[in-house]
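Q: Letter by letter, the sequence shown follows residues 207 to 566 in the numbering used here.
Dumping the structure here so I can ask a few things about it.
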Amino acid sequence: MEQRPPLTLEDLGWSDAFAAAFEPHALPGMVAARVIRESRGVYGVSTGERDLPAAASGRLWHGEDGGGQPAVGDWVAVRLPTLPEEPGLIRAILPRKSKFSRKAAGLRTDEQVVAANIDTIFVVTGLDHDYSPRRIERYLTATSESGADPVLVLNKADLDEELEEHVREVEGIALGVPFHVISAKAGTGLDALATYLQRGKTVGVLGSSGVGKSTLINRLLGSAVQRTGSVRASDDRGRHTTTHRELFLLPGGGLVLDTPGMRELQLWEADEGLGTTFADIEELAAECRFNDCGHNGEPGCAVEAAVESGQLDPERLESWRKLQREMEQTRARQDGLAKLREKQRVKTITKAHDRFRPRG
Ligand code: GDP
Ligand code: ZN
């Protein structure tokens with residue numbers, strides 16, 4: 207048995223704002239808890255004092271966040287079970303201070319929240335052959351809508367023979383986002399990350415496969431903690447499934463959130479984010495002759511002039527264009543979905559109508 211003093215809600219990131227939001231739900235038998243894992247609709251929640259399994263109520267209170275299910279990191283109001291072997295019941299999701307969303311898989315483009323209430327998001331990238339400024343831009347864009355503060359973590363510094371050049375390049379891309387050069391494997395540069403990992407602060411980890419996210423998390427957790435120690439749980443069909451924690455408490459008091467959904471992402475309505483990450487392009491665009499300049503051969507285009515003069519990296523403009531196209535596609539999909547729904551609605555009405563039409 208692990209010996210440790212019982213945790214408090216504050217250790218898990220509880221704040222006055224959440225306390226105020228919980229107040230109307232603070233009825234007898236109800237407790238505030240944080241979602242620490244999710245697996246196929248089965249949740250694990252923690253009150254600090256105790257962890258328990260929980261299911262989402264059919265009638266879930268959402269506050270101002272709209273629909274959807276609880277996500278890892280969410281603060282929720284839970285009805286405690288009367289019998290110890292029963293799961294708790296999540297009755298409400300408290301308003302999120304940040305959220306990370308992606309497009310739901312498949313045809314539907316509905317928003318799916320994959321992580322909530324993250325303070326800082328580590329955007330991890332490798333300084334090895336995998337190094338790509340364009341990918342860094344994409345990830346930064348994806349974080350800017352979340353409400354969490356992005357921090358760039360440049361990993362595998364031990365493999366980088368052009369470190370100085372890369373650091374200079376990243377300075378040009380990051381535009382004020384703090385970045386840290388580390389080697390998760392060698393354990394160098396990690397001290398700088400401690401400021402984001404204070405008690406009650408939640409860090410999310412984002413980045414392509416193979417950049418060293420697991421290695422970094424294991425480092426932060428310290429060798430004493432067995433991160434992959436999975437617990438056996440039964441799903442509702444009685445099968446045994448392996449679930450694992452997705453919100454980890456670090457020895458120093460911070461929390462790391464690592465969900466499969468966060469690890470890979472697709473852009474979700476990052477319109478605003480485009481402006482933030484490509485602030486230099488937006489600034490130049492303000493000088494274009496036409497308000498709706500596409501920076502594609504239009505006369506008096508300040509953006510293309512900047513490329514000509516060497517002030518703007520042409521690749522940067524290209525990656526801005528690519529992102530615009532992707533968002534265009536997302537919007538088109540959303541429009542298509544809306545049309546499809548309208549069509550189905552009309553069909554249903556017409557069908558209902560048909561039933562009452564006299565046969566002739
Ligand atoms: P993830 O997919 O992002 O979780 O990446 P992993 O943590 O599984 O790491 C992928 C590979 O990169 C593994 O072989 C790690 O040992 C290696 N790796 C991670 N961090 C470093 C580092 O700082 N330096 C070097 N040389 N290799 C690293
Ligand atoms: Zn232009």
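Cβ atoms here follow ideal geometry from the backbone N, Cα and C, with glycine treated the same way.
Nothing here was measured: the structure is a model prediction, and the numbers come from that model.
(1) Going residue by residue through the region 257-291, where are the continuous beta strand (DSSP E) segments of at least 3 residues, counting only ones entirely within it?
(2) In angstroms, rounded to a whole number, what distance separates the CA positions of L215 and V319?
(3) Ignoring anything shorter than 4 residues or poking outside the region 300-377, list the alpha helix (DSSP H) runs there in chain order.
(4) Any idea if R531 is buried or exposed, counting beta-carbon neighbours within 10 angstroms, 16 or more meaning buried?
(5) Please report the distance separating the alpha-carbon of E291 from that of P259.
(6) Helix, strand or coil for H386? Go by DSSP, reduced to three states.
(7) Suppose you measure from the CA of D257 to the CA of R243; what does that come to, to the nearest Å?
(8) State yes or no: is the C-beta of D280 within less than 8 Å of the C-beta of A322?
(9) Using 7 Å as the cut-off, classify the Cβ of G417 as near or not near the heavy atoms of ligand 1, replying yes or no.
(10) Quick one: is the Cβ of A492 within less than 7 Å of any heavy atom of ligand 2?
(11) Is DSSP giving S252 helix, strand or coil here?
(12) To the nearest angstrom, report how far apart R285 and E452 are at their CA atoms.
(13) With a 10 Å radius around its C-beta and 16 neighbouring C-beta atoms as the bar for buried, classify H501 as buried or exposed.
(14) By Cβ distance, which residues of its chain are closer than 8 Å to Q404, with the 5 residues on each side in sequence left out?
(15) Just confirm the distance between the C-beta atoms of S263 and L295, as a whole number of angstroms; I'd bet it's less than 8 Å.
(16) Any heavy atom of ligand 1 within a distance shorter than 7 Å of the CB on T421?
(17) Please report the straight-line C-alpha distance between F306 and T349, rounded to a whole angstrom.
(18) Could you pull out every residue in the same chain whose Cβ sits closer than 6 Å to the Cβ of A298, ignoring the five residues on either side in sequence?
(19) Determine, using beta carbons only, whether F306 comes closer than 8 Å to chain D.
(20) If I measure Cβ to Cβ from D217 and keep anything under 8 Å in the same chain, skipping five residues before and after, which residues do I get?
(21) Going straight from the alpha carbon of A400 to that of T326, what length do you get?
(22) Between which two residues does the alpha helix (DSSP H) harbouring V239 extend?
(23) Out of curiosity, what's the CA-to-CA distance linking M533 and L213?
(24) DSSP state of R405, grouped into three classes?
(25) A491 by DSSP, collapsed to three states: which one?
(26) Out of curiosity, what's the CA-to-CA distance linking L529 and R344?
(27) Going by C-alpha to C-alpha distance, which of V383, M468, V357, A398 sits closest to S415?
(28) According to DSSP, which residues form a beta bridge with I296?
(29) Is the CB-CB distance between A508 and C494 below 8 Å?
(30) Name the DSSP bridge partner or partners of F454?
(31) Compute every distance between the C-beta of E377 and the non-hydrogen atoms of ligand 2, then say whether any falls below 7 Å.
(32) I'd like the span of the alpha helix (DSSP H) that includes T421, first residue to last.
(33) Specify the secondary structure class of D518 as computed by DSSP and reduced to three states.
(34) Taking E375 as the reference, which of L422, I342, I388, T394 has the closest Cα?
(35) Given that a residue counts as buried once 16 or more other Cβ atoms are within 10 Å of its Cβ, and exposed if not, what is D366?
(36) Go through its chain and collect everything with a Cβ distance to V237's Cβ below 7 Å, but skip five positions before and after it.
A: Taking the structure as given:
(1) 257-267, 281-285
(2) For this step, residue 215 is matched to residue 9 along the sequence shown. For this step, residue 319 is matched to residue 113 along the sequence shown. Distance between the alpha carbons of L215 and V319: 22 Å.
(3) 339-349
(4) Against the sequence shown, residue 531 aligns to sequence position 325. Exposed, because fewer than 16 other Cβ atoms sit within 10 Å of the Cβ of R531.
(5) By one-based count along the sequence shown, residue 291 stands at place 85. By one-based count along the sequence shown, residue 259 stands at place 53. Near 9 Å, if we compare the C-alpha coordinates of P259 and E291.
(6) Taking the sequence shown and counting its residues from 1, the one referred to as residue 386 is at position 180. In the structure shown, H386 sits in a strand (DSSP, three-state: E or B).
(7) To locate residue 257, count along the sequence shown from 1; it is residue 51. To locate residue 243, count along the sequence shown from 1; it is residue 37. The alpha-carbon atoms of D257 and R243 are separated by roughly 11 Å.
(8) Looking up residue 280 in the sequence shown gives position 74. Looking up residue 322 in the sequence shown gives position 116. Yes; because the gap between Cβ atoms is below 8 Å, this pair is in contact.
(9) In the sequence shown, counting from the first residue as 1, residue 417 sits at position 211. The sequence shown places Val at residue 417, rather than the Gly named in the question. V417: yes, Cβ under 7 Å from ligand 1.
(10) Residue 492 sits at position 286 when you count from the first residue of the sequence shown. Result no, Cβ not under 7 Å from ligand 2.
(11) Numbered from 1 along the sequence shown, position 46 holds the residue referred to as residue 252. Strand, per DSSP.
(12) The residue labelled residue 285 in the question sits at position 79 within the sequence shown. The residue labelled residue 452 in the question sits at position 246 within the sequence shown. When rounded, the distance between both Cα atoms is 22 Å.
(13) Along the sequence shown, read from residue 1 onward, the residue named residue 501 stands at position 295. Answer is buried; the Cβ neighbour count reaches 16.
(14) In the sequence shown, residue 404 corresponds to position 198, counting from 1. Contacts found: G458, G459, G460.
(15) The residue labelled residue 263 in the question sits at position 57 within the sequence shown. The residue labelled residue 295 in the question sits at position 89 within the sequence shown. Between L295 and S263 the Cβ distance is about 5 Å, and since that is below 8 Å, they are a contact.
(16) As a working note, residue 421 is residue 215 in the sequence shown. T421: yes, Cβ under 7 Å from ligand 1.
(17) Reading the sequence shown from its first residue, position 100 is the one you call residue 306. Reading the sequence shown from its first residue, position 143 is the one you call residue 349. Answer to the nearest angstrom: the Cα atoms are 8 Å apart.
(18) The count along the sequence shown starts at 1 and reaches residue 298 at position 92. Same-chain partners within the cutoff: H231, W267, A283.
(19) You won't find chain D in this structure, because it holds only one protein chain.
(20) Position 11 of the sequence shown holds residue 217. If we look at D217 and ignore the five residues flanking it on each side, its Cβ neighbours are G254, R405, G406, L455, G459.
(21) Taking the sequence shown and counting its residues from 1, one reaches residue 400 at position 194. Taking the sequence shown and counting its residues from 1, one reaches residue 326 at position 120. Spanning the two alpha carbons is a distance of roughly 12 Å.
(22) As a first step, residue 239 must be located in the sequence shown, where it is residue number 33. The amino acid occupying residue 239 in the given sequence is Ala; Val does not appear at that position. A239 -> not in any alpha helix (DSSP H); beta strand (DSSP E) instead, spanning 236-245.
(23) Residue 533 sits at position 327 when you count from the first residue of the sequence shown. Residue 213 sits at position 7 when you count from the first residue of the sequence shown. Computed Cα separation, rounded: 43 Å.
(24) Position 199 of the sequence shown, counted from the start, is the residue given in the question as residue 405. Coil at R405, not helix or strand.
(25) Here the question's residue 491 lines up with position 285 in the sequence shown. In this structure, A491 counts as helix in the three-state DSSP scheme.
(26) The residue given as residue 529 occupies position 323 in the sequence shown. The residue given as residue 344 occupies position 138 in the sequence shown. Going by the C-alpha atoms only, they are around 8 Å apart.
(27) For this step, residue 415 is matched to residue 209 along the sequence shown. The candidate whose alpha carbon is nearest that of S415 is M468.
(28) As a first step, residue 296 must be located in the sequence shown, where it is residue number 90. Per DSSP, A262, V284.
(29) Indexing the sequence shown from 1 puts residue 508 at position 302. Indexing the sequence shown from 1 puts residue 494 at position 288. Yes, Cβ-Cβ distance for A508 and C494 is below 8 Å.
(30) Looking up residue 454 in the sequence shown gives position 248. Paired residue(s): V462.
(31) Here residue 377 refers to the residue found at position 171 of the sequence shown. Not so, every heavy atom of ligand 2 lies at least 7 Å from the Cβ.
(32) To locate residue 421, count along the sequence shown from 1; it is residue 215. Per DSSP, T421 belongs to the alpha helix (DSSP H) from 419-427.
(33) In the sequence shown, residue 518 corresponds to position 312, counting from 1. The question names Asp, but residue 518 is Leu in the sequence shown. Looking at L518 - three-state DSSP - the assignment turns out to be coil, as it is neither helix nor strand.
(34) Taking the sequence shown and counting its residues from 1, one reaches residue 375 at position 169. Nearest C-alpha to E375: I342.
(35) What you label residue 366 is simply residue 160 of the sequence shown in a count that begins at 1. Per the 10 Å Cβ criterion, buried.
(36) Counting from one through the sequence shown, the residue named residue 237 turns up at place 31. Excluding sequence neighbours, V237 sits near T253, V284, L286.
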